[in-house]
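Residue numbers (the working numbering): 17 to 396.
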């Protein structure tokens, strides 16, 4: 069956094509992994399977190499037009072209590294006679044990094994906290962050204006809180205001404070925007107040400017987010063990869980019973 092509979108969300591409690649890899169990093929040609996985990842990278520079340019054209008021932004400046290339290469490098990690993950899965405990081996043991306990044979465990891998994903990145990011999740985060970096770079390079202010958004994280509202110098040469690299952080700590030595964002998925700052219309007292507020000496970055209400609002938002992610992980675990009995959509699962109704309690009992059966088989 021919592979369905994903066409670059004509919508404003220029990252949609990449996100679809990452998801398709991960699904193809998982399909390749589970194929040898589809008909009970135990003696599967693992070298050939690895070659196909490598081809899937290479095709993903090739399509990224074609689309990423185009995606970054689209963002620059659109942002430049909006920021500068051009009727038709056609040509990027030399500074903007350099920024486009640098941002594109950074994203392509992250995608290449993620692909390499994903391949090693799959390679580890295929290694013959593996004895170490890992998610894939555990998934296989659990599903086979569950099917045996239920009186089913090897071939019927294949579907559940595939579902387990689909819920789990292919690890492409492990962060400092030890969390494992799947190929699609990690690459999606990189694409969103890169798109945001491109928007920021497009605005900052639209003209030679030097002073910029980071917006205030109210309920913000402790990383951004000390940085918002301050005025920064894009060039890093204004003696009255700190360099923008103070907020964006420097790629090379010993390098210059110039824009091309920054990460162009405070952190991944940051929502803060930049606005031009001018002293026109301000009194001397207002200007001096802005200088003192912006100064990391007069106003240390270690000082949290948020009110108790703002801090509490942020904590509440984060708690709700963590609860949402915990519910999603729970639904995926239930799906891996119970299949469609755990509801096809997360929204339905969440509705019953919030209501704590009979349907949810019945689902909990079924999940616990299945896990007990698995444990009993493994203990024998």
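Here a beta-carbon is modelled for each residue, glycine too, at the ideal position from N, C-alpha and C.
- Following the DSSP letters along the chain, one finds residue 310 inside the alpha helix (DSSP H) bounded by residues 300 to 310.
- In the displayed model, residue 290 falls within a strand according to three-state DSSP.
- Under the criterion of beta carbons closer than 8 Å, residue 38 and residue 203 qualify as touching, at roughly 4 Å.
- Apart from the 5 residues on each side of it in sequence, residue 376 sits with its Cβ closer than 7 Å to the Cβ of 368, 369 in its chain, given in chain order.
- One alpha carbon belongs to residue 84, the other to residue 244, and they sit about 30 Å apart.
- Residue pairing from DSSP places residue 227 in a beta bridge opposite 249.
- Selection 388, 194, 89, 258 evaluated against residue 246 yields 258 as nearest (Cα-Cα).
- By the neighbour-count criterion, in which a residue is buried when 16 or more other Cβ atoms sit within 10 angstroms of its Cβ, residue 131 is buried.
- Under a 10 Å Cβ-count criterion, residue 229 is classified as buried, with 16 or more other Cβ atoms of the shown protein chains found around its own Cβ.
- Per DSSP, the beta bridge partners of residue 189 are 197.
- Runs of the alpha helix (DSSP H) spanning 4 or more residues and lying entirely within the segment 335 to 375 occur at 362 to 371, in chain order.
- Rounded to the nearest whole angstrom, the CA to CA distance from residue 260 to residue 213 is 14 Å.
- Apart from the 5 residues on each side of it in sequence, residue 77 sits with its Cβ closer than 7 Å to the Cβ of 127, 128, 131 in its chain, given in chain order.
- By the criterion of a C-beta distance shorter than 6 Å, residue 279 is surrounded in its chain by 264, 265, once the five residues flanking it on both sides are discounted.
- Rounded to the nearest whole angstrom, the CA to CA distance from residue 268 to residue 277 is 7 Å.
- If you ignore the 5 residues before and after residue 344, its C-beta comes within less than 8 Å of the C-beta of 362, all in its own chain and listed in chain order.
- Shown here, residue 255 sits in coil according to DSSP, grouped into three states, outside any helix or strand.
- Judged by DSSP in its simplified three-state form, residue 278 adopts strand.
- C-alpha of residue 221 to C-alpha of residue 290: approximately 12 Å in a straight line.
- Residue 295 and residue 251 have their C-alpha atoms roughly 17 Å apart.
- At the C-beta level, residue 123 and residue 210 come within 7 Å of one another.
- As the crow flies, the alpha-carbon of residue 93 is around 27 Å from that of residue 262.
- In this structure residue 254 is in contact with residue 226, their Cβ atoms being roughly 6 Å apart against a cut-off of 8 Å.
- Counted as a single uninterrupted DSSP element, the alpha helix (DSSP H) harbouring residue 261 occupies residues 261 to 264.
- Scanning its chain for C-beta atoms nearer than 6 Å, with the 5 sequence neighbours on each side dropped, one finds around residue 34 the residues 207, in chain order.
- Here the C-alpha atom of residue 383 lies approximately 17 Å from the C-alpha atom of residue 364.
- Judged by beta-carbon spacing, residue 199 lies within the 7 Å limit of residue 134, meaning their Cβ atoms are closer than that value.
- Here DSSP, grouped into helix, strand and coil, assigns residue 117 to helix.
- Only exposed fits residue 309, as fewer than 16 other CB atoms lie within 10 angstroms of its CB.
- Separation of the CB atoms of residue 48 and residue 68 is rounded to 5 Å, and the pair is thereby assigned contact status at 8 Å.
- Counting every other CB atom within 10 Å of its CB across the protein chains shown gives residue 233 a total below 16, marking it as exposed.
- Under the three-state reduction of DSSP output, residue 233 falls in the coil class, being neither helix nor strand.
- Under the three-state reduction of DSSP, residue 296 is assigned to coil, being neither helix nor strand.
- When C-alpha distances from residue 293 are compared across 286, 282, 306, the shortest belongs to 306.
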